[in-house]
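Colleague: The structure follows.
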Amino acid sequence: MGRSPGNVRNPMQTSPDVAGTREAVAAARREGHRIGFVPTMGALHEGHLSLVDRARSECGFVVVSIFVNPTQFGPNEDLEKYPRPREEDLRACDRAGVDLVFEPTPDVLYPRGFDTFVEVDEVSRPWEGAHRPTHFRGVTTVVLKLFNVVAPDAAYFGLKDYQQQLLIRRMCIDLDVPVEVVPCPTMRDPDGLAMSSRNRYLSPADREAALALSRGLADVERRLVEGATDVAGVRRDFRAALETNPAIDVDYATVVHPETLVELDDPRDEMVALVAARVGATRLIDNRVIRLG
Ligand code: AMP
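Everything in the sequence shown is counted per the numbering used here, starting at -1 for the first residue and increasing by one.
In structure tokens:
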């Protein structure tokens, strides 16, 4: 299995259920493979595939889940219209060398009577948590369930969703989940826009306006790396510059501590600039990890 030269790879498997997924993973484990896992909501792009590549480079058997998780969508969010290009996604997984795709329907993961949620406390509250109050409990609940089904050695998450990967790392530490969580860099289009399944909703004009997010983040990084010490001023300027653009409706634009997510007034060796904004009808998030010295 895997794709190293001279290795014949088994055909990609798909499984809609828990038992079939567990069996396929158990068989790979019996063959001695390290199991790598990439949870996704599908509508796969190069960002997702970069996680698959990283998993393949470190694991002999790679599982991708494709599941548009209803519990992480708020009542007025885009659950119904979230893109679900199943055949395209399966082809992309096959081309990327995925061994198994777990593609449950909602009733598989949330059967009648489902009544348990997992919540990370402090770090789930600000930023995304404040704007999407039930989002993170949906994320952590489904990720723990997926971990219990797939039982991977390592799971790969994008830094694109900075707060999400932080919460998942916290959950695994706090609940003794034996999965190595591997944060992976954000993939961007050549013009800097962070890749996202939601970018397909952007009109050409929205897409142009959306570039202000990544440019704003780059500007924050430049100022801090060049020695700005008034971090409070830098983050206020970041937000103010975005707010001058009528096409952009800012939820937050700030600079925070990388672990606590508390807003910073003074520089430290590592900081994270975070932004979330609606561009047209599409809500986008992005961030930049900034290291000094
Ligand atoms: P999603 O399908 O949006 O739930 O994303 C599945 C995984 O892909 C998450 O770990 C995301 O952080 C990651 N991801 C999404 N977009 C990107 C990107 N542009 N670069 C790297 N990883 C990404």
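Yeah, the Cβ is synthetic: ideal placement off N, Cα and C, and Gly gets one too.
Say yes only if the C-beta of glutamine 161 is nearer than 8 Å to one or more non-hydrogen atoms of ligand 1, and no if none qualify.
Modeller: Because no heavy atom of ligand 1 lies under 8 Å away, the Cβ of glutamine 161 does not count as near it: no.
Colleague: Proline 81: beta carbon under 8 Å from a heavy atom of ligand 1?
Modeller: Result no, Cβ not under 8 Å from ligand 1.
Colleague: Beta carbon of tyrosine 307: closer than 8 Å to some heavy atom of ligand 1?
Modeller: Residue coverage of the chain in this structure runs from -1 to 291, which leaves residue 307 outside it and unanswerable.
Colleague: Could you tell me which residues DSSP pairs with methionine 185 in its beta bridges?
Modeller: None, per the DSSP bridge assignment.
Colleague: Please work out which residues of its chain come closer than 8 Å, Cβ to Cβ, to valine 218, disregarding the five sequence neighbours upstream and downstream, and give them in chain order.
Modeller: Taken in chain order, the residues that qualify are Val232, Arg233, Phe236, Val253, Ala271, Arg286 and Ile288.
Colleague: Counting pairs of Cβ atoms below 8 Å between the segment 165 to 177 and the segment 190 to 205, do you hit three or more?
Modeller: As far as the Cβ criterion goes, the segment 165 to 177 does not touch the segment 190 to 205, which means the pair count is below three.
Colleague: State yes or no: is the C-beta of aspartate 284 within less than 9 Å of the C-beta of histidine 129?
Modeller: For aspartate 284 and histidine 129, no; Cβs fall outside 9 Å.
Colleague: If we call anything under 9 Å between Cβ atoms a contact, is leucine 98 one with phenylalanine 145?
Modeller: Their beta carbons are not under 9 Å apart, which means leucine 98 does not touch phenylalanine 145 by this criterion.
Colleague: Please state the DSSP three-state secondary structure of asparagine 285.
Modeller: If DSSP states are grouped into helix, strand and coil, asparagine 285 belongs with the strands.
Colleague: Give the secondary structure of proline 37 by DSSP, where H, G and I count as helix, E and B as strand, and everything else as coil.
Modeller: DSSP places proline 37 in strand when its eight states are reduced to three.
Colleague: Considering only their Cβ atoms, is the gap separating phenylalanine 134 from glutamate 126 smaller than 9 Å?
Modeller: Going by C-beta atoms, glutamate 126 is nearer than 9 Å to phenylalanine 134.
Colleague: Excluding five sequence neighbours on each side, which residues of the same chain lie with their C-beta closer than 7 Å to the C-beta of alanine 230?
Modeller: Within the same chain, alanine 230 has close Cβ partners Asp263.
Colleague: What does the Cβ neighbour count give for glutamate 117, buried or exposed, with the cut at 16 atoms within 10 Å?
Modeller: Exposed: under 16 other Cβ atoms inside 10 Å.
Colleague: Got a sec? Which residues, its chain only, sit under 6 Å from glycine 0 by beta carbon, not counting five neighbours each side?
Modeller: Below a pLDDT of 50, predicted positions are generally treated as unreliable, and glycine 0, at 46, falls in that range; the measurement from the model is reported next regardless. Here the set comprises Gly58.
Colleague: Please tell me whether, using a cut-off of 8 Å, the distance from the CB of lysine 158 to the nearest non-hydrogen atom of ligand 1 is below it.
Modeller: Result yes, Cβ under 8 Å from ligand 1.
Colleague: What are the start and end residues of the alpha helix (DSSP H) that includes serine 212?
Modeller: That run of the alpha helix (DSSP H) goes 202 to 223.
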